[in-house]
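Q:
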Amino acid sequence: MCGISGLYLKYGEIAERRMLEAMTSTMEWRGPDADGFYNDKHLGLAHRRLKVIDLSDDANQPMHAISNRYSIVFNGEIYNYRELRAELESKSYKFKTSSDTEVLLKAYIEWGEKLLTRLNGIFAFAVYDKHEQSLHIARDRFGIKPLFYSFDGERLAFASSVSAIMSVPWVKKNISNETIFAFLKFSHIPNPASIIDSIRQVKPGHYLSFTHGSLSEIEYWNSTELSNPQRILDLDEFAFIEQLELALMKSVKAQSVSDVPLGCFLSGGIDSSLISYYLAQCSDKPVKSFSIGYKEQEFDESAYARQVANNLGFQHFEYIVSPEDFFEFIPDIPKYFDQPLADPTLLPSMLLASKSRREVTVALSGDGGDELFFGYEFQQALYRLQIIKDIPHSLRAPVCKLLQFILYPLYTRQPRLQQINKLLDILQFRNTAELFQYFIGTIGPIHLDKINQLLKTPIQLKIPLYSELMGEIEGLTWPAQIEQVFLKRFLPDTVLAKTDRTSMAFSLEARVPFLDNEMINFASSLPFNMKYQKGVKKYMLRKLTAQHLPREIAYRKKQGFSIPMREWIRGDLKYLVLEYLRPEKLKNDPHLNEVTVSRLIKKHMNKQANHSHLIWSMISLQMWKQHYKL
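Heads up, the sequence shown is in this note's numbering, so the first residue is 377 and it goes up one at a time.
1. If you follow the alpha helix (DSSP H) that Val973 is part of, which residue opens it and which one closes it?
2. Check for me: the alpha helix (DSSP H) holding Phe559 runs from which residue to which?
3. To which residues of the same chain is Tyr654 closer than 6 Å at the C-beta, ignoring the five residues directly before and after it?
4. Suppose contacts are defined by Cβ-Cβ distances below 8 Å. Is Gly412 in contact with Pro438 by that definition?
5. In the DSSP assignment, the beta strand (DSSP E) including Lys664 goes from what residue to what residue?
6. With H, G and I counted as helix, E and B as strand and the rest as coil, what does DSSP make of Ser526?
7. Roughly how many angstroms lie between the CA atoms of Arg932 and Leu748, to the nearest whole one?
8. Does the Cβ of Thr833 have 16 or more other Cβ atoms within 10 Å, making it buried, or fewer, making it exposed?
9. Please report how far the alpha carbon of Asn415 lies from the alpha carbon of Gly529, in whole angstroms.
10. With a threshold of 16 other CB atoms inside 10 Å of the CB of Arg927, please say whether the residue is buried or exposed.
11. Rounded to whole angstroms, what's the CA-CA distance from Ser835 to Glu554? Just pull it up for me.
12. Pick helix, strand or coil for Leu421, following the three-state DSSP scheme.
13. Just checking my contact of Ser993 with His980 at CB under 8 Å: how many whole Å lie between their CB atoms?
14. Have a look at Ile565, Ser652, Phe499 and flag the residue whose alpha-carbon is nearest the alpha-carbon of Pro716.
15. Per DSSP, what kind of secondary structure is Val684 in: helix, strand or coil?
16. Pull up the distance between the alpha-carbon of Pro785 and that of Ile796, whole angstroms please.
17. If you count every other CB in all the chains shown that lies within 10 Å of the CB of Gln998, and 16 or more means buried, which is it?
18. How big is the Cα-Cα spacing for Glu320 and Pro868?
19. Quick one: what does DSSP say Pro377 is sitting in, helix, strand or coil?
20. When the Cα of Glu700 is compared with those of Gly947, Ile802, Glu850, which residue comes out closest?
21. Where do the ends of the alpha helix (DSSP H) carrying Phe534 lie?
22. So, with DSSP's three-state summary, where would you put Gly847?
23. At what residues does the alpha helix (DSSP H) containing Gly745 begin and finish?
24. Return the CA-CA distance between Lys907 and Ile454, expressed in angstroms with no decimal places.
25. Any idea what DSSP makes of Glu595, helix, strand or coil?
26. Which term fits Val912, buried or exposed, when burial requires 16 or more other beta carbons within 10 angstroms of its beta carbon?
27. Compute the Euclidean distance between the alpha carbons of Asn451 and Asp612, then round it to the nearest angstrom.
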């Protein structure tokens, strides 16, 4: 796993090494083992390397081929590189290394952009053709690896991080109120935008083509291909489970290839437990597993992780944490997170990565299981909405609002009763699109106008807020719509962004077997009753887990990888509120309104409401702005 960057300037300008060094210096932790630079007048490529496959210096980058006509910088892993290499060798290609980078470069020479549909892996890479004076920059299907760019009409800068591009002198560093609004709503920046208006993300499943000052973005794969109803398989339950096992085993085996120590994250949930089981099956040496636990029993899953590890004979590393354990990481969050991400679980994820890195360089993760196999409350809520959608909204809405009013005193004193309030919220939605708006914004039922009140300069509320996506997936079945929202937005913008940044902050490569091409192809071909049946989420995953691990692991209630942020904001993390959100601090801030922010904080501190996630979002934003002096 690595960090890439590059410049393509207008004729007459030189891509100086000092500019490339400035870009790579912003992400040295992504590749501590080696750096490399290449310059061809107005074109410059740079690379930071974390050695995972072929540890020799011959595999360093930028890598070149055919008398330096072609050059590549690459971040990621190509899991089917051995198959591609064998095919290329049959076409008389010779190889100097055993790296997947060399395979990728020569495969590009052979097949050009058509190669992209053949790749199974996690990647962001750039290939330069000196003869054609062309640059092609590509990102994997699901946005597992980050890739950003800025284009001013003549010059192009790209990198694995926003901060690397911000180091380029000609890149403008403006932040719009629309961007701030979107961040406060969603707790992340929806792709293809970034926190900086002049910097964009390469969309998952897309590549950029830049030749003679002309830039185009081209789609090579669209996840809606997975939602064709004709792809749904008609098999019995036993056959489905058998195919699931084969797909998972194949994926884990492919992603276990490494020339450095490899282990796994183990939460004790179904997804990580299954990945751990198959890793044990294909490993010829003892497996190391890593988990986080809490003193607060409501959030602690460590006993389940320990049970799975003992069952599989793993060397297990368990860390029981408190807020104080996170303090050392908090100041560095803006450095490692190239743009704000207000997912509170990034704190335990950073701690877990830092501890894991002492033992391994690569770790397998269970990310993707919930999204593909119907594991979220959000997905279950959509199912409920389908059941009652024929009841007129004019009847549902007032009845639910009345019940919320009556029950308000109860669920404010009993946080567990908030689930009832959420259900009543769900029953008031008119359609699927409204429900998406509710759940994808991880701050809960905060209305858009209330978010607007937090801004010094309110906006007209005309930003898309997923409307573009909803238009794209209109006409699909509602289970397919759910799948597409996760694949196109939620996974790349939150889950995978968090996994990449928290792991790479400590030079640890995280791999995600559930997001293997074939695994996703299989998951999307399942009928709905294989994912959700009789109130049981992740039905088939639970069935498979029960075949190999204790039943209490397979059928226990999902806790989720979360932290008690509500109480921590009122206690151990209160100092962050005082440091970043006090009125005197916000008075000169161009974005946040100190009066309305103070009111919101006061309500939270007095236990009149739970605004912890919105408060954490604003802290994350201000930390980031202060770090980059914006």
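Don't be surprised by glycine CBs; every beta carbon is placed ideally from N, CA and C.
Every value quoted in this text rests on a predicted model; they were computed, and no experiment measured them.
A: Quick look at the numbers:
1. 970-981
2. 553-562
3. Leu624, Met625, Val628
4. yes
5. 664-670
6. strand
7. 19 Å
8. exposed
9. 21 Å
10. exposed
11. For the sequence presented, residue 835 should be read as Ile rather than Ser. Spanning the two alpha carbons is a distance of roughly 7 Å.
12. strand
13. No, Ser993 and His980 are not in contact; Cβ-Cβ is about 13 Å, not under 8 Å.
14. Ile565
15. helix
16. 13 Å
17. buried
18. With the chain represented from 377 up to 1006, any question about residue 320 goes unanswered, as that position is not in the structure.
19. Position check: residue 377 holds Met in this sequence, whereas Pro was assumed. Three-state result, Met377: coil.
20. Gly947
21. That residue, Phe534, is in no alpha helix (DSSP H); its beta strand (DSSP E) goes 532-535.
22. helix
23. 745-748
24. 29 Å
25. strand
26. exposed
27. 41 Å
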